[in-house]
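These notes concern the structure reproduced below.
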Amino acid sequence: MPLSRMTCPTCGAELTYHSPKNAAGKRACPYEGLAYADLRAGHDQIYFGKWRKMDAGPPDVLRAYNQIGRHLSAIGRALGDKDLPAARHDLAKAHEAYLLGDPRQDTRDTLRFMDHALSYMHRVIDDLLHEMGLPPHTPMDFAEWYDVAEVPFRDEW
Ligand SMILES: [Zn+2]
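This note's numbering puts the sequence shown at residues 11 to 167.
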């Protein structure tokens, strides 16, 4: 299996996205021991992805779009049949934005819709965490694990 396809055994993120080693040279995952580690990692590898940078090209955008699609499915599975109407509503909004943001369509608003989808998915993760009495997920806590050349270009639209 090529290195680029290897995934973290703890969070499931591709190891090209978060560094597989810590300062001591030991294999480590920043999400280890955290609730919904896979959803947090899935969110952050999109959040810190190249598509949000100013020099992103069409392949970066399409790759992120596909990641958003897979992340939507993962969140849907995690939500399952939990009685969380707000989360369900946010997931529906995320899906709506995802469909509108297809970069293979001719739309100037692709990035905006993709960003909306990511924001709504983040809200669902926070709802799931809240249900467990846990604080919201804060991506910036994990920024050092990603190859963040610059701060994502926009947080709010
Ligand atoms: Zn990991």
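From the three backbone atoms N, C-alpha and C, an ideal C-beta is built for every residue, glycine too. For clarity, every value in this text was computed on a predicted model and none was experimentally measured.
Beta-carbon proximity of residue i to residue j, cut-off 8 Å
i	j	result
alanine 168	histidine 81	An answer regarding residue 168 cannot be provided, because it is not within the stretch 11 to 167 covered by the chain.
isoleucine 85	isoleucine 135	yes
aspartate 137	alanine 88	no
phenylalanine 152	aspartate 65	no
Length of the line joining the Cα atoms of residue i and residue j
i	j	result
arginine 164	arginine 62	Interpretation of arginine 164 is limited by its pLDDT of 49, a score under 50 that renders its predicted location unreliable; the figure taken from the coordinates is listed afterwards. Each residue's alpha carbon lies about 8 Å from the other.
glutamate 154	arginine 50	15 Å
aspartate 93	proline 146	19 Å
tyrosine 156	phenylalanine 58	7 Å
aspartate 112	isoleucine 56	15 Å
lysine 60	aspartate 70	6 Å
arginine 133	glycine 52	14 Å
arginine 73	glutamate 24	13 Å
alanine 38	cysteine 18	9 Å
aspartate 91	threonine 148	25 Å
arginine 98	serine 129	14 Å
glycine 22	leucine 144	21 Å
aspartate 100	methionine 16	31 Å
Bounding residues of the alpha helix (DSSP H) (the contiguous stretch that carries residue i)
i	result
glutamate 106	95-110
glycine 52	47-57
methionine 124	120-141
Top-ranked residue by Cα proximity to residue i, from the options
i	options	result
leucine 139	Asp48, Pro19, Tyr75 and Ala153	Asp48
lysine 103	Met131, Gln115 and Ile78	Met131
glycine 43	Leu25, Lys60, Thr20 and Asp112	Thr20
threonine 120	Ala97, Gly67, Glu141 and Pro95	Gly67
methionine 150	Arg73, Arg114, Arg118 and Tyr41	Tyr41
methionine 142	Gly90, Asp65, Ala45 and Gly22	Ala45
glutamine 115	Cys18, Tyr75, Asp54 and Met64	Tyr75
Using 8 Å as the Cβ pair cut-off and three pairs as the minimum, do the segment 122-136 and the segment 95-113 touch? yes
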